[in-house]
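Protein chains in written order, with our numbering: chain G, 96 to 378; chain E, 965 to 1401. In this text, a Cβ means the ideal position worked out from N, Cα and C, and glycines have one as well. Owing to the predicted nature of the structure, the values given are computational and were not obtained by experimental measurement.
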Ligand code: HEM
């Protein structure tokens, strides 16, 4: 009963996410307020559906959503959409949706194409994963990774707008990029979003270390997932410093935001699917 | 000579206070750490690590994170951070506690400025009132014809990056303490066994403690739905044969005694026997599947055992085999149910008492862990200050045109986020003008 409700929520999520992505694109092209509203409403529906799906999963399985890749990806999608939605409301930035929503869409497509139903069902977790610290670990990862995805979208917007303006054609009033905020605002927003996410990523790594210390007596064992999360952390630390000290704002900062998110994705996919380690639990 | 050595230290100091070096180090560390995830590491995958080319092994690529040169990189980063922090300490202190109001117009931040005109007295009063309402900390300079102020909000945010940088040094110290003073080991023991802490298998450090450990019971507990609940080990600490502590531990619920912590790591099944040799009874506990054997004293008979897979898990039977010397084939074998006794080659009588759990425990002593948690706390606190508690500094000067009217020029120190500091200035100015009306 609850399981089938969860499945329906998943498909509602897939539909809402796909539709809102398309609508954000249409809105960028047509500037019809109605379309934009609809896109935002569908994003809200997608957030609600994924939240409900995750909560149902936690109720039926009795543990945080980390027993397999399906659960983690679902949480990742929720994190991206929730942080995006916050940014849209806080900064009145609907055009960002066109660049952020494709990420959860692709993640959901990945789930549908690569995971059979038997890979999606809740699995028993080994005793080591029964720890409250892991709940914090997952929540912080969700928001940190979500925010990094949003800074990625901002970086892409920055680069697009910059290249249009560079080619001389001062963004025509009709051009899509004219709907983007000023370059300076995009740049600073990306910085703020990374500044929001960096402490969370740090907390994610720390709660992971606390858990590992309870479970194995080692707070840090350099397993590939840990190492890659550290590398991601260092890349974003580099982003913050370069920006601050060399005035690497604008273009280079935007590239670093894009690059940093590539590291986030590798930390998740690369490590789970190519490299072995403690976190192979999460497969 | 003195000249030279001074310039050398100066140059070293200069190099280490450079953020370019810092960023380069961070980049190199990230890159090297990444390489370590592509090459099998001895700690995680000893088999594959051995297959890596000899040259790479010698250079340390298979135990990369423990190599001297990787630690050297971390050490350089630490020095870099300390030098950098020391150099900036004075500035941070002044920006937090010693803010001085601008002495002339040129000292008001240039990039972001606003001007308000009005009568002198109400203007002064509303500036002070608004700053107080908005929670700013105010320093005034009132010298007859020139009146100026500097106001700061969330001033402790200045310390964010300092604390963050120091925390990294604390973390490295914690890790160092652990690797110098601590040890790490593992043992597997069946219920009923007692062993000295000195006898465990070590992978790091040395054991200086002298107590013994007795495994009272070891259990693999299942939930009613068939999932594994947890593995439980009831164990006692013995000092000179006396029980001084006892606890049941399980995965995620370790047990610490005098700085030595025991972690439930894994579990195996085994069987408990009694060997009766001319009336002298010895308890024998053997792990399933021939992991370990029993050699009866004064014989060259070796006993191994396996749990009979076809028997029920509640009342399991065991299969046993007796080997003689280095012979490859057993000279005696059979099956025993609980309570049954068999004669082994006329040398001793073997009784099967029932199943016994074998518990695998990680044992660790790490006096650096507390320092690590301190470092984590500082790191997080520093980051929260840096990003969630950014200071705002407003400063302004009021110049009078005649004795009644004047012009207030206010500026805001452009912090890391220029758009939002500008907002703070605009809010301030609009509140002041509102109050003047
Ligand atoms: C372990 C690595 C490091 C971490 C986690 C770290 C973290 C931080 C953070 C969070 C900030 C504040 C950034 C912001 O507010 O945007 C910062 C600022 C800064 N960092 Fe680092 N840092 C590290 C290494 C270094 C190194 C190696 C240096 C130079 C030698 C350095 C020099 C600075 C400087 C000069 C600032 C500017 C401080 C300010 O204006 O408040 N950092 N660092």
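#### Entry: Closer than 7 Å: residue 1124 of chain E CB and nearest ligand 1 heavy atom
Residue mapping note: residue 1124 of chain E aligns to position 160 of the second chain, counting from 1. True, at least one ligand heavy atom lies under 7 Å from that Cβ.
### Query
Can you find a C-beta in chain C that's less than 8 Å from the C-beta of residue 1037 of chain E?
Checking the listed chains, one finds no chain C in this structure; the protein chains it contains are G and E.
### Message
I want to check one thing, is the minimum distance from the CB of residue 332 of chain G to the heavy atoms of ligand 1 below 7 Å?
### Response
The residue labelled residue 332 of chain G in the question sits at position 237 within the first chain. Because some heavy atom of ligand 1 lies under 7 Å away, the Cβ of residue 332 of chain G counts as near it: yes.
### Message
Looking only at its chain, what residues have a beta carbon closer than 6 Å to the beta carbon of residue 191 of chain G, apart from the 5 residues adjacent to it on each side?
### Response
Within the first chain, numbered from 1, the residue matching residue 191 of chain G stands at position 96. If we look at residue 191 of chain G and ignore the five residues flanking it on each side, its Cβ neighbours are 248.
### Task
Starting from residue 161 of chain G, find everything on chain E with Cβ-Cβ shorter than 8 Å and list it in chain order.
Your numbering for residue 161 of chain G matches position 66 in the first chain. Correct list: empty, because the minimum Cβ distance to chain E is about 14 Å.
### Query
So who's on the other strand from residue 1111 of chain E, going by DSSP bridges?
Indexing the second chain from 1 puts residue 1111 of chain E at position 147. Residue 1111 of chain E is bridged to E:1106 and E:1362.
### Residues within the stretch 236-250 of chain G neighbouring chain E, beta-carbon criterion of under 7 Å
So the list is empty, because no residue satisfies the distance condition.
### Message
Along the stretch 969-984 of chain E, where does the CB come closer than 7 Å to a CB of chain G? Name the residues.
### Response
983
### Sequence-distant residues of its chain with Cβ nearer than 6 Å to residue 372 of chain G (five each side left out)
As a working mapping, residue 372 of chain G is identified with position 277 in the first chain. Since pLDDT at residue 372 of chain G reaches only 45, below the 50 mark, its modelled position is unreliable, and the value read off the structure follows with that caveat. Closer than 6 Å at the Cβ level, and outside the excluded window around residue 372 of chain G, lie 318, 319 and 320.
### residue 323 of chain G to residue 998 of chain E span [Cα, whole Å]
Here residue 323 of chain G refers to the residue found at position 228 of the first chain. Here residue 998 of chain E refers to the residue found at position 34 of the second chain. Going by the C-alpha atoms only, they are around 7 Å apart.
### Query
Where residue 125 of chain G and residue 274 of chain G are concerned, what is the direct C-alpha to C-alpha distance, given to the nearest angstrom?
Position 30 of the first chain, counted from the start, is the residue given in the question as residue 125 of chain G. Position 179 of the first chain, counted from the start, is the residue given in the question as residue 274 of chain G. Rounded to the nearest angstrom, the two C-alpha atoms are 11 Å apart.
#### Entry: residue 149 of chain G, buried or exposed, once every other Cβ within 10 Å from all chains shown has been counted against 16
The count along the first chain starts at 1 and reaches residue 149 of chain G at position 54. That one is buried.
### Selected residue, minimal CA-CA separation from residue 272 of chain G, among G:253, G:160 and G:100
Here residue 272 of chain G refers to the residue found at position 177 when the first chain is read from its first residue. For the residues G:253, G:160 and G:100, the minimum Cα distance to residue 272 of chain G belongs to G:253.
### Message
Following a CB-centred definition, is residue 172 of chain G positioned closer than 7 Å to any heavy atom of ligand 1?
### Response
The count along the first chain starts at 1 and reaches residue 172 of chain G at position 77. Because no heavy atom of ligand 1 lies under 7 Å away, the Cβ of residue 172 of chain G does not count as near it: no.
### Task
For chain E, find out if any of its Cβ atoms is closer than 8 Å to the Cβ of residue 154 of chain G; answer yes or no.
Taking the first residue of the first chain as position 1, residue 154 of chain G is located at position 59. Residue 154 of chain G does not count as touching chain E.
### Query
Between residue 1364 of chain E and the rest of its own chain, which residues show a CB-CB distance below 7 Å, the 5 nearest in sequence each way excluded?
The residue labelled residue 1364 of chain E in the question sits at position 400 within the second chain. Excluding sequence neighbours, residue 1364 of chain E sits near 1084, 1109 and 1370.
### Task
List the residues of chain G that residue 1218 of chain E touches, going by C-beta distances under 8 Å, in chain order.
Sequence index remark: in the second chain, residue 1218 of chain E carries index 254 (1-based). Here the neighbours are 309 and 312.
### Task
Within 10 angstroms of the Cβ of residue 1330 of chain E, are there 16 or more other Cβ atoms? Answer buried if so, exposed if not.
One-based indexing of the second chain puts residue 1330 of chain E at position 366. Classification of residue 1330 of chain E: buried, given that the 10 Å Cβ count is 16 or more.
#### Entry: Cβ pair residue 1026 of chain E, residue 1020 of chain E closer than 8 Å
If you number the second chain from 1, residue 1026 of chain E lands on position 62. If you number the second chain from 1, residue 1020 of chain E lands on position 56. Their beta carbons are under 8 Å apart, which means residue 1026 of chain E touches residue 1020 of chain E by this criterion.
### Contact list for the stretch 283-294 of chain G against chain E, Cβ threshold 8 Å
283, 286, 287, 290, 291, 293 and 294
### Query
When the Cα atoms are used, what is the spatial distance from residue 303 of chain G to residue 242 of chain G?
Position 208 of the first chain, counted from the first residue, corresponds to residue 303 of chain G. Position 147 of the first chain, counted from the first residue, corresponds to residue 242 of chain G. So the alpha carbons of these two residues sit roughly 19 Å apart.
### Task
Could you tell me whether the Cβ of residue 1001 of chain E comes closer than 8 Å to any Cβ of chain G?
Your numbering for residue 1001 of chain E matches position 37 in the second chain. By this cut-off, residue 1001 of chain E is an interface position.
### Exposure label - residue 251 of chain G; buried when at least 16 CB within 10 Å
Start at 1 with the first residue of the first chain, and residue 251 of chain G comes out as number 156. Buried, because 16 or more other Cβ atoms sit within 10 Å of the Cβ of residue 251 of chain G.
### Task
Please classify residue 1122 of chain E: does DSSP put it in a helix, a strand, or coil?
Locating residue 1122 of chain E in the second chain gives position 158, where the first residue counts as 1. Three-state DSSP puts residue 1122 of chain E in a helix.
### Query
Mind pulling the alpha helix (DSSP H) runs of 4 or more residues that sit fully within the stretch 149-199 of chain G?
164-186 and 192-195
### Short CB-CB distance (under 8 Å) between residue 1179 of chain E and chain G
By 1-based counting over the second chain, the position of residue 1179 of chain E is 215. Cβ-Cβ to chain G under 8 Å: no for residue 1179 of chain E.
### Message
In this structure, how does DSSP classify residue 216 of chain G when only helix, strand and coil are distinguished?
### Response
Within the first chain, the letter at position 121 stands for residue 216 of chain G. It is coil, neither helix nor strand.
### Task
Taking all protein chains shown into account, decide if residue 966 of chain E is buried (16 or more other Cβ within 10 angstroms of its Cβ) or exposed.
Taking the second chain and counting its residues from 1, one reaches residue 966 of chain E at position 2. In this prediction, residue 966 of chain E scores a pLDDT of 47, lower than 50, which makes its location untrustworthy; the coordinate-derived value is nonetheless stated afterwards. It is exposed - the Cβ of residue 966 of chain E has fewer than 16 other Cβ atoms within 10 Å.
### Message
Do residue 116 of chain G and residue 204 of chain G count as a contact pair if the criterion is CB distance below 8 Å?
### Response
In the first chain, residue 204 of chain G corresponds to position 109, counting from 1. In the first chain, residue 116 of chain G corresponds to position 21, counting from 1. In this structure, residue 116 of chain G does not lie closer than 8 Å to residue 204 of chain G by Cβ.
### Task
Flag residue 990 of chain E as yes when its Cβ comes closer than 7 Å to any non-hydrogen atom of ligand 1, and as no otherwise.
What you label residue 990 of chain E is simply residue 26 of the second chain in a count that begins at 1. Yes; taking the cut-off as 7 Å, the Cβ of residue 990 of chain E has a heavy atom of ligand 1 nearer than that.
### Message
Would you say the beta carbon of residue 931 of chain E is closer than 7 Å to some non-hydrogen atom of ligand 1?
### Response
Nothing about residue 931 of chain E can be reported from this structure: the residues present for chain E run from 965 to 1401 only.
### Query
Does residue 319 of chain G come within less than 8 Å of chain E when only Cβ atoms are used?
As a working note, residue 319 of chain G is residue 224 in the first chain. Closer than 8 Å to some Cβ of chain E, the Cβ of residue 319 of chain G qualifies, so yes.
### Message
Distance check for residue 347 of chain G and residue 266 of chain G, CA to CA, integer angstroms please.
### Response
Here residue 266 of chain G corresponds to residue number 171 of the first chain, with the count starting at 1. Here residue 347 of chain G corresponds to residue number 252 of the first chain, with the count starting at 1. Only weak support is given to the placement of residue 266 of chain G: the predicted model assigns it a pLDDT of 46, under 50, and the value that follows is read from those uncertain coordinates. Roughly 21 Å between the two C-alpha positions.
### Task
Report all residues from its chain with a CB closer than 7 Å to the CB of residue 1004 of chain E; omit the five preceding and five following residues, and keep chain order.
Here residue 1004 of chain E refers to the residue found at position 40 of the second chain. If we look at residue 1004 of chain E and ignore the five residues flanking it on each side, its Cβ neighbours are 1012, 1013, 1016 and 1026.
### Task
Kindly indicate if chain G contains any beta-carbon less than 8 Å away from that of residue 1007 of chain E.
Translated into positions along the second chain, residue 1007 of chain E becomes position 43. So, interface residue.
### Query
Count the other CB atoms within 10 Å of the CB of residue 100 of chain G; is the residue buried (16 or more) or exposed (fewer)?
Within the first chain, numbered from 1, the residue matching residue 100 of chain G stands at position 5. Exposed, by the Cβ-count rule.
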